[in-house]
Structures are given as C-alpha cells and as structure tokens.
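Undergrad: Quick one: the structure is below, questions incoming.
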Amino acid sequence: MSKRSKSRKTKTNLDAERLTPSGLPADFLVRLETIVDDTWRESVLRSFEAAKKTSFRVNTLFTEPGEVLTELQELGVVPQALAWCANAFWVEPEARDLLTHSTAATEGRIYIQGLSSILATLILDPQPGEWNLDLAAAPGGKSSHMVCRMKNQGKLSVVEPIRKRMYRLADNLKRMGSEISKTYLMDGRKAGQKVPDRFDRVMLDAPCSSEARMRLSDPDSCKYWSLRKIREQSRKQTGLIASAFQALQPGGTMLYCTCSFAPEENEAVVNALLSQSGERAELLEIEMPFSHWQPGLQSFADQNFEPAITHCRRILPNEHFDAFFMAKIRKAF
Ligand code: SAM
Numbered sequence: 461m462s463k464r465s466k467s468r469k470t471k472t473n474l475d476a477e478r479l480t481p482s483g484l485p486a487d488f489l490v491r492l493e494t495i496v497d498d499t500w501r502e503s504v505l506r507s508f509e510a511a512k513k514t515s516f517r518v519n520t521l522f523t524e525p526g527e528v529l530t531e532l533q534e535l536g537v538v539p540q541a542l543a544w545c546a547n548a549f550w551v552e553p554e555a556r557d558l559l560t561h562s563t564a565a566t567e568g569r570i571y572i573q574g575l576s577s578i579l580a581t582l583i584l585d586p587q588p589g590e591w592n593l594d595l596a597a598a599p600g601g602k603s604s605h606m607v608c609r610m611k612n613q614g615k616l617s618v619v620e621p622i623r624k625r626m627y628r629l630a631d632n633l634k635r636m637g638s639e640i641s642k643t644y645l646m647d648g649r650k651a652g653q654k655v656p657d658r659f660d661r662v663m664l665d666a667p668c669s670s671e672a673r674m675r676l677s678d679p680d681s682c683k684y685w686s687l688r689k690i691r692e693q694s695r696k697q698t699g700l701i702a703s704a705f706q707a708l709q710p711g712g713t714m715l716y717c718t719c720s721f722a723p724e725e726n727e728a729v730v731n732a733l734l735s736q737s738g739e740r741a742e743l744l745e746i747e748m749p750f751s752h753w754q755p756g757l758q759s760f761a762d763q764n765f766e767p768a769i770t771h772c773r774r775i776l777p778n779e780h781f782d783a784f785f786m787a788k789i790r791k792a793f
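Here it is as structure tokens:
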C-alpha cells in the first residue's frame, strides 16, 4: 500500500471511531441535546434517516405555476402545494429524478430548492427597483429567487470567491432569466469596505459546516464533521457578517443564515455583530409560517447571548425541511 493511501485509510478509521452506531458523530449528538429542545429531539434525529421530499420553485419570470404543473403532470409527476408559498411545491423522493431531468428544470422554468432556502428569500423580501447583494451566492438558488421577487427590476450584485462555483452561479442566473445580476469573483469579507452603505438588502447564506446535510444513507456526509471545522467556519462567518452589515445602507435589512445547528456558527456570530455595532444593528423578530422551529438560544457552553438573539429562528428538520438558522437584521439610520 502506498504511503498516501495508508495515511488516508488511517484517517478514515479514526473518523469512523468517532461515529456512533447510528452513524452520526458522537460529539454532534451530545451537542444536539443542549441545542434542540426535548420535545423535538426524536423527530430531529429521525430526519437524518428519512428520505427527504423534493421541493421546487416556479420561475415566475418565465411562467405561471398552473402551466408548469400541467407540464409536470404529463410526465407523471404529481406536485403538492404549500400553504405558505404559492409558487413552491413538493414531490415524493422517488419523483426527484424525473423532476431533475424535466425540460422545465433544464430550461429554468423551475428550480429545485430546499424549502428552508425558499423561505429565506421570502423573509428577506427583496423588492423590484432595489439594489441588493447576495454575498455568498453560488450556486445561485437564493440569487435567482431574489431576481424573481424583484421582477427583474433593479440590480443584484452576487459574490462568490471560488472560480468554478462562480461560473456555475453565472450560468444558473442566465438560465433562470436574470437581466439584473452582476457576478463578482471575490472574498465577501472585502465587500463591506469596498462598497459601504450601498445596498437595500443583503442575503448572507454563509459557508458553514453543513451539519444539516448529514444523511445516514450517505456515511461520507457524516465522516468529516469536527469541532475544528465549526470553529474555522465561525471565524469566517464573523468576518462575513461584519462585511454584509457594513455594505448595507442605513435603513436596509439583511438576512444571515446557515444550514448548521452549531451555535458557534449562528447565535455567536450574530451576537458578535450586535456587540460590535451597538445600537446600529437591530435584530428583527421573524414570523414563521409553521411550528417546527425554536427561537435563538440564550446561552451555549460558557457563552451568554444578548436577549434579542431569541428573535433568531432555528428551523427544525423533518421530511420536508433541512435544518436552518436565520437572523434578520436592520441597520439603523
Ligand atoms: N446561497 C447559495 C444558494 O442558495 O444557492 C448557497 C451558498 S453556500 C451555503 C455558501 C457559498 O459561500 C459557497 O458557494 C462558498 O463557496 C461561498 N464562500 C466561501 N467562502 C466565502 C467567502 N469568503 N466570501 C463569500 N462567499 C464564500
């Protein structure tokens, strides 16, 4: 065995030792006990096993839901409506392939996207005519939804530092009919200094440890979880949130979100912004259209957070939703 494959094997074995018989990392499960309330714990744990329903959003720049539904039904796909979003639907996991390969998807009339992500753009609520920013944008699910909500009027700046991902982002935006987005290859932490007080709204769907993406059916998704990764991401997110806030114009609003459960990547990051910005950053209460969520935590490990952190929302996962954290922040005049 070569030296390289030997060292890879050792790493895999070490990682596997940290996994519980359920397949999830042991430390992750211990932490989950203090993050998720007792009443939700069982359903959250079950959600790592269940095959998720597939959801999608109709691109209203090109078509209306009625037309797309007829097109999909002819393929044998039966989309189900949602009470809280007229343009979003879900299908059973077995219909995912049909949906992904449909011409509606390849021609940009629909975008396959998780329900938590769809909700994030609705909560930021971008409007036609505004100049908005998506600070961590690839592959562009939220950017293209923002363009849709803005009815292709105004401007959307989109930022992504990884070249390959930036090309994919630009392609997706083109396919989805965006005429108002401009793509920037850069580190989002620099945007605030470059264009302070510029944007009406900022989306920051931050790079994160992606704990919500762990699936027991995909052991690789659980193998690389580590506290070190959480700390690394937390440092980057603290820089990104400060930059996003700086780029926001007075009176503007931003949404900070992650698909991680970790308070170090969520409450602690928002708390750091509140501490640095004083009264200029106001945390807004988010109204939720369903009941499977918790308010932001008041403390975690040895850290206490500002009382307003309870305005944040942690979506608890189920067969429809991935776990997600959101904080909506307004910059005072
Ligand atoms: N909002 C996207 C969507 O809905 O399709 C998903 C964004 S994903 C969670 C986070 C993105 O942030 C990744 O594409 C990652 O490459 C990018 N990223 C990583 N480091 C960054 C940085 N320093 N500045 C801006 N973006 C960064």
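Be aware that the sequence shown starts at 461, since it is given in the working numbering, and climbs by one per residue.
Every residue gets a Cβ at the ideal spot worked out from N, C-alpha and C, and that includes glycine.
Report the residue ranges of all alpha helix (DSSP H) runs contained in full by the stretch 508-593; include only those spanning at least 4 residues, in chain order.
TA: You should have 525-534, 556-560, 563-566, 575-584.
Undergrad: Given a cut-off of 8 Å, decide if residue 726 and residue 785 are closer than it, judged by their beta-carbon atoms.
TA: Here residue 785 refers to the residue found at position 325 when the sequence shown is read from its first residue. Here residue 726 refers to the residue found at position 266 when the sequence shown is read from its first residue. It is a contact, given that the beta carbons lie within the stated cut-off.
Undergrad: Grab me the residues of residue 639's own chain with a C-beta within less than 6 Å of its C-beta, minus the 5 sequence neighbours each way, in chain order.
TA: As a working mapping, residue 639 is identified with position 179 in the sequence shown. Closer than 6 Å at Cβ, skipping near neighbours: 612.
Undergrad: Sorry if obvious, but does the Cβ on residue 572 come closer than 7 Å to a heavy atom of ligand 1?
TA: Your numbering for residue 572 matches position 112 in the sequence shown. Checking every heavy atom of ligand 1 against the Cβ of residue 572, none is found closer than 7 Å.
Undergrad: DSSP state of residue 793, grouped into three classes?
TA: Residue 793 sits at position 333 when you count from the first residue of the sequence shown. In the structure shown, residue 793 sits in coil (DSSP, three-state: anything other than H, G, I, E or B).
Undergrad: Would residue 509 pass as an interface residue toward chain B - the criterion being a Cβ-Cβ separation below 8 Å?
TA: Among the chains in the structure shown there is no chain B, since it carries only a single protein chain.
Undergrad: Do residue 664 and residue 716 have their beta-carbon atoms positioned less than 8 Å apart in this structure?
TA: Position 256 of the sequence shown, counting from 1, holds the residue named residue 716. Position 204 of the sequence shown, counting from 1, holds the residue named residue 664. The answer is yes: Cβ separation under 8 Å.
Undergrad: Is residue 619 near ligand 1 - that is, is its Cβ less than 7 Å away from at least one heavy atom of it?
TA: Looking up residue 619 in the sequence shown gives position 159. Yes - ligand 1 has a heavy atom lying nearer than 7 Å to the Cβ of residue 619.
Undergrad: So is residue 506 buried or exposed if we call it buried at 16+ other beta carbons inside 10 Å?
TA: Counting from one through the sequence shown, the residue named residue 506 turns up at place 46. So residue 506 ends up on the exposed side.
Undergrad: Closer than 7 Å: is that where the CB of residue 622 sits relative to any heavy atom of ligand 1?
TA: Along the sequence shown, read from residue 1 onward, the residue named residue 622 stands at position 162. For ligand 1, at least one heavy atom lies less than 7 Å from the Cβ of residue 622.
Undergrad: What first and last residue would you give for the beta strand (DSSP E) that runs through residue 738?
TA: Locating residue 738 in the sequence shown gives position 278, counting from the first residue. Premise fails: residue 738 is in no beta strand (DSSP E) and is neither H nor E.
Undergrad: For the alpha helix (DSSP H) that contains residue 689, what are its first and last residues?
TA: Working through the sequence shown from its first residue, we reach residue 689 at position 229. Per DSSP, residue 689 belongs to the alpha helix (DSSP H) from 687-707.
Undergrad: Note down the Cα distance separating residue 652 from residue 598, rounded to an integer number of angstroms.
TA: Position 192 of the sequence shown holds residue 652. Position 138 of the sequence shown holds residue 598. So the two alpha carbons sit approximately 19 Å from each other.
Undergrad: Confirm the yes/no value for this check: CB of residue 436, any heavy atom of ligand 1, distance under 7 Å.
TA: Missing from the structure shown is residue 436; the chain here goes from 461 to 793 and no further.
Undergrad: By a C-beta neighbour count over all protein chains shown, 10 Å radius and 16 as the cutoff for buried, is residue 406 buried or exposed?
TA: Shown here, the chain extends from 461 to 793; a query on residue 406 therefore has no answer.
Undergrad: Locate the alpha helix (DSSP H) running through residue 626, then write down its first and last residues.
TA: Numbered from its first residue, the sequence shown carries residue 626 at position 166. Start and end: 623-635.
Undergrad: Name the two residues that bound the continuous beta strand (DSSP E) containing residue 754.
TA: The residue given as residue 754 occupies position 294 in the sequence shown. Element bounds for residue 754: 753-755.
Undergrad: Are three or more beta carbon pairs between the stretch 546-553 and the stretch 517-532 nearer than 8 Å?
TA: As far as the Cβ criterion goes, the stretch 546-553 touches the stretch 517-532, which means the pair count is three or higher.
Undergrad: Flag residue 648 as yes when its Cβ comes closer than 7 Å to any non-hydrogen atom of ligand 1, and as no otherwise.
TA: As a working note, residue 648 is residue 188 in the sequence shown. Yes; taking the cut-off as 7 Å, the Cβ of residue 648 has a heavy atom of ligand 1 nearer than that.
Undergrad: Secondary structure at residue 762, three-state DSSP: helix, strand or coil?
TA: Here residue 762 refers to the residue found at position 302 of the sequence shown. Three-state result, residue 762: coil.
Undergrad: Taking residue 616 as part of the beta strand (DSSP E), name the residues at either end of that continuous run.
TA: Translated into the one-based positions of the sequence shown, residue 616 becomes position 156. Taken as a continuous stretch (DSSP letters only), the beta strand (DSSP E) holding residue 616 covers 615-619.
Undergrad: Would DSSP call residue 719 helix, strand or coil?
TA: Here residue 719 is taken as the residue at index 259 of the sequence shown, counted from 1. Reduced to three states, the DSSP call for residue 719 is coil.
Undergrad: Give a yes or no on whether the C-beta atoms belonging to residue 730 and residue 772 are separated by under 8 Å.
TA: Looking up residue 730 in the sequence shown gives position 270. Looking up residue 772 in the sequence shown gives position 312. Yes, the pair counts as a contact, with Cβ atoms nearer than the cut-off.
Undergrad: Since residue 665 sits in a beta bridge, which residues does DSSP pair it with?
TA: Against the sequence shown, residue 665 aligns to sequence position 205. DSSP output for residue 665 lists 717 as bridge partner(s).
Undergrad: Quick one: residues in its chain with C-beta nearer than 6 Å to the C-beta of residue 656, no 5 flanking neighbours on either side, listed in chain order?
TA: Here residue 656 corresponds to residue number 196 of the sequence shown, with the count starting at 1. So the list reads 706, once near-sequence residues are dropped.
Undergrad: To the nearest angstrom, report how far apart residue 472 and residue 485 are at their CA atoms.
TA: Counting from 1 along the sequence shown, the entry for residue 472 is found at position 12. Counting from 1 along the sequence shown, the entry for residue 485 is found at position 25. Annotation note: pLDDT 41 at residue 472 (below 50); position unreliable, no value reported.
Undergrad: Take the Cβ of residue 780 as the centre, count every other Cβ of all protein chains shown within 10 Å, and call the residue buried at 16 or more, exposed below.
TA: On the sequence shown, residue 780 is found 320 positions in, with the first residue counted as 1. Result: buried.
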